[in-house]
Amino acid sequence: MTPHPDTLTAPDDDGRSTLRTERRLAHPPSRVWEALTRPAPLARWFPVEVSVDPRPGGRIDFTSPGESAPGSTGTVTDAREPDLLAFTWGEDGLRFEIAPDGEGSLLTLSHTFGDRYGAASFAAGWHLRLGALARLLDGAEPPAGNDPGDELHEEYLAAFGLDRGTVDTTADGWRIRLERQLVRPEDEVWAELAAGSTPLLGGPAPRGFTTGQSPPGRITGLRPPRLLSYITTPAGEVRWRLAEGTGHGPRLILTQTGPATAPPEPVLAAWEARVAALAARLRRR
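Residues 1 to 285 (UniProt numbering) make up the sequence shown, in order.
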């Protein structure tokens, strides 16, 4: 499945990015507006159950599958029938713009959020759900569930450059950081990294946590299946952490420090390749 040419903006001054995606729909704006605002069609394509008062200042309730009451609420920030609906969802902002396009419509969704490294999950999810909207309008049965699949997630991740790390200068040298959303449970990630071994505090780091550029020294921090850190050469520390992610799996946050006398670029390239290989193996599980 190939993702649409969606775009992701750089973070603004508040650290928020905007995902922008478009869909051409073979139906007039009035039909699309109904599917965005009426409970019955909304329940068949939106990721959660929604009840909305489509006027500026109106309330919107979100109820996740399996819940009997709204888990969160939002506020309609802009509404103009039949071409604009915008509202908040938690800390995120969603804006649906509907423009005439021949005999149909061009639907543009802008999703603004603070979790930039969750963008691939958001894009893959909207890819699935906007496809469900198109099928619903065409009179077909939308797909059930909200899982867009691992491959689509990874395609968006690469398209947005979220498979790349960064290097920052520190007082003592440099610090590499690589953050990546994974698509398997943390226990499976840890098992893949440990490869059958049992890491011990003070012992050597298992090979899966290393690269040829970052040979393992003694383990300095250990909290399976969430954390492992170890001393490496040239003088520095590698730290693997699995944190809460966007629901597809844990968020990997990998850092390494090093001295100014050693170039960080080969180290970062090795980690990018190492994490890409890890993600590929997890997808095959």
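Just so you know, even glycine gets a beta-carbon here, dropped at the ideal spot from N, CA and C. Predicted, not measured: the structure shown is a model, and the values here were computed from it.
Check each candidate in the options and name the one with the smallest Cα separation from residue i.
i: residue 219; options: 232, 233, 235 and 202; result: 202
i: residue 6; options: 125, 223 and 76; result: 125
i: residue 45; options: 166, 133 and 110; result: 133
i: residue 177; options: 97, 143, 115 and 256; result: 256
i: residue 259; options: 51, 102, 212 and 169; result: 169
i: residue 72; options: 13, 50 and 217; result: 50
i: residue 221; options: 215, 214 and 229; result: 229
i: residue 239; options: 245, 217 and 249; result: 217
i: residue 83; options: 211, 234 and 37; result: 37
i: residue 244; options: 212, 184 and 213; result: 184
i: residue 154; options: 227, 59 and 281; result: 281
i: residue 284; options: 214, 206, 188 and 241; result: 188
i: residue 235; options: 267, 226, 208 and 241; result: 267
i: residue 118; options: 157, 57, 56 and 41; result: 157
i: residue 279; options: 43, 67, 179 and 141; result: 179
i: residue 41; options: 58, 20, 131 and 137; result: 137
Within 10 Å of its beta-carbon, does residue i have 16 or more other beta-carbons around it, so buried, or fewer, so exposed?
i: residue 90; result: exposed
i: residue 200; result: exposed
i: residue 164; result: exposed
i: residue 139; result: exposed
i: residue 247; result: exposed
i: residue 11; result: exposed
i: residue 64; result: exposed
i: residue 249; result: buried
i: residue 251; result: buried
i: residue 150; result: buried
i: residue 74; result: buried
i: residue 159; result: buried
i: residue 212; result: exposed
Hey, how far is the Cα of residue i from the Cα of residue j?
i: residue 197; j: residue 232; result: 19 Å
i: residue 22; j: residue 61; result: 25 Å
i: residue 16; j: residue 123; result: 15 Å
i: residue 81; j: residue 193; result: 52 Å
i: residue 111; j: residue 272; result: 28 Å
i: residue 172; j: residue 263; result: 13 Å
i: residue 275; j: residue 48; result: 32 Å
i: residue 24; j: residue 105; result: 6 Å
i: residue 147; j: residue 128; result: 8 Å
i: residue 18; j: residue 204; result: 42 Å
i: residue 174; j: residue 167; result: 7 Å
i: residue 253; j: residue 54; result: 40 Å
i: residue 210; j: residue 85; result: 48 Å
i: residue 77; j: residue 92; result: 12 Å
i: residue 33; j: residue 114; result: 27 Å
i: residue 39; j: residue 52; result: 8 Å
i: residue 69; j: residue 206; result: 46 Å
i: residue 143; j: residue 135; result: 9 Å
i: residue 161; j: residue 14; result: 20 Å
i: residue 9; j: residue 120; result: 13 Å
i: residue 190; j: residue 181; result: 14 Å
i: residue 186; j: residue 88; result: 30 Å
i: residue 94; j: residue 109; result: 7 Å
i: residue 35; j: residue 141; result: 14 Å
i: residue 79; j: residue 242; result: 40 Å
i: residue 261; j: residue 67; result: 56 Å
i: residue 208; j: residue 270; result: 13 Å
Based on the DSSP output, what are the partners of residue i in its beta bridges?
i: residue 97; result: 84 and 108
i: residue 282; result: Residue 282 is not bridged to any residue.
i: residue 258; result: 174
i: residue 232; result: 216 and 236
i: residue 48; result: DSSP lists no partner for residue 48.
i: residue 221; result: 229
i: residue 92; result: 89
* Asked: Any chance the region 96-112 sits against the region 29-42, with 3 or more Cβ pairs inside 8 Å?
  -> yes
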